[in-house]
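Have a look at the structure below, then the notes.
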Amino acid sequence: MLSTNAQTLIDREIAKYPADRKQSAVIAALAIAQDEHGWLSEPVIQAVADYLGMAPMAVYEVASFYEMFNIKPMGRHKLTVCTNLPCALSGALDAADRIKEKLGIDFGQVTADGRFGLREGQCFGACGDAPVLLVNNKAMHCKMSHADIDRLLEDLK
742 MLSTNAQTLI
752 DREIAKYPAD
762 RKQSAVIAAL
772 AIAQDEHGWL
782 SEPVIQAVAD
792 YLGMAPMAVY
802 EVASFYEMFN
812 IKPMGRHKLT
822 VCTNLPCALS
832 GALDAADRIK
842 EKLGIDFGQV
852 TADGRFGLRE
862 GQCFGACGDA
872 PVLLVNNKAM
882 HCKMSHADID
892 RLLEDLK
């Protein structure tokens, strides 16, 4: 379930901790597994648990707690809009509505073609750059106007 490459990357993370504390790398291991599989299915969570010598429920608790992890398929491009109050007051809700309109989905949904998923997120630490949109937990896009959103969606197609 975890490729040799994923195991190598996880081993690098494990090496950052004392030998008897490899479970400390669980967040990094989940991120690596999610990058490889697109989301964290039960078999993927089980594989991470086995690799780190943890109970599967303990790994699931971490995966289900943090918003960056997908415990269900969220599309090839997961779009997360920060809707905390400072961002909401700076146009985030309007930006989210634009995305919903363009994609025909709501928060927590995936487009019929599986291309896009939309999530509501919490503070990305960029309140002054709102509205802020995070793509696949990797690329942050700031000060997103309707034209910027339209362009981004077209580029991601």
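Residue numbers (my numbering): 742 to 898. For glycine and all other residues, C-beta sits at the position ideal for the given N, C-alpha and C. Only a predicted model underlies this, so the values are computations on that prediction, with no experimental measurement involved.
Are residue i and residue j closer than 9 angstroms when you measure CB to CB?
| i | j | result |
| --- | --- | --- |
| residue 766 | residue 755 | yes |
| residue 799 | residue 790 | yes |
| residue 826 | residue 777 | no |
| residue 881 | residue 865 | yes |
| residue 764 | residue 810 | no |
| residue 792 | residue 760 | no |
Can you find the residues in the same chain that come closer than 7 angstroms, C-beta to C-beta, to residue i, ignoring five residues on each side of it along the sequence?
| i | result |
| --- | --- |
| residue 837 | 822 and 824 |
| residue 883 | 867, 870 and 873 |
| residue 801 | 786 |
| residue 747 | 773, 774 and 777 |
Can you have a look at residue i and say buried or exposed, based on whether 16 or more other CB atoms are within 10 angstroms of its CB?
| i | result |
| --- | --- |
| residue 839 | buried |
| residue 704 | A query on residue 704 cannot be resolved here, the shown segment of the chain reaching from 742 to 898 and no further. |
| residue 863 | exposed |
| residue 858 | buried |
| residue 762 | exposed |
| residue 796 | exposed |
| residue 830 | exposed |
Spatial neighbours of residue i within its chain, please: C-beta separation below 8 angstroms, excluding the five flanking residues on both sides.
| i | result |
| --- | --- |
| residue 843 | 890, 891 and 894 |
| residue 856 | 816, 817, 818, 897 and 898 |
| residue 860 | 808, 815, 819, 820, 821, 822, 848 and 849 |
With DSSP as the reference, please indicate the residues paired to residue i in a beta bridge.
| i | result |
| --- | --- |
| residue 860 | 821 |
| residue 882 | 874 |
Going along the chain, which residues of its own chain have a beta-carbon closer than 6 angstroms to the beta-carbon of residue i, five neighbours each way excluded?
| i | result |
| --- | --- |
| residue 900 | Residue 900 falls outside the range modelled here, since the chain spans only 742 to 898, and no answer is possible. |
Completely contained beta strand (DSSP E) runs for the stretch 832 to 876, where each covers 3 or more residues: 857 to 862 and 874 to 876
Start-end ranges of the beta strand (DSSP E) lying completely within the stretch 757 to 829, minimum 3 residues: 818 to 823
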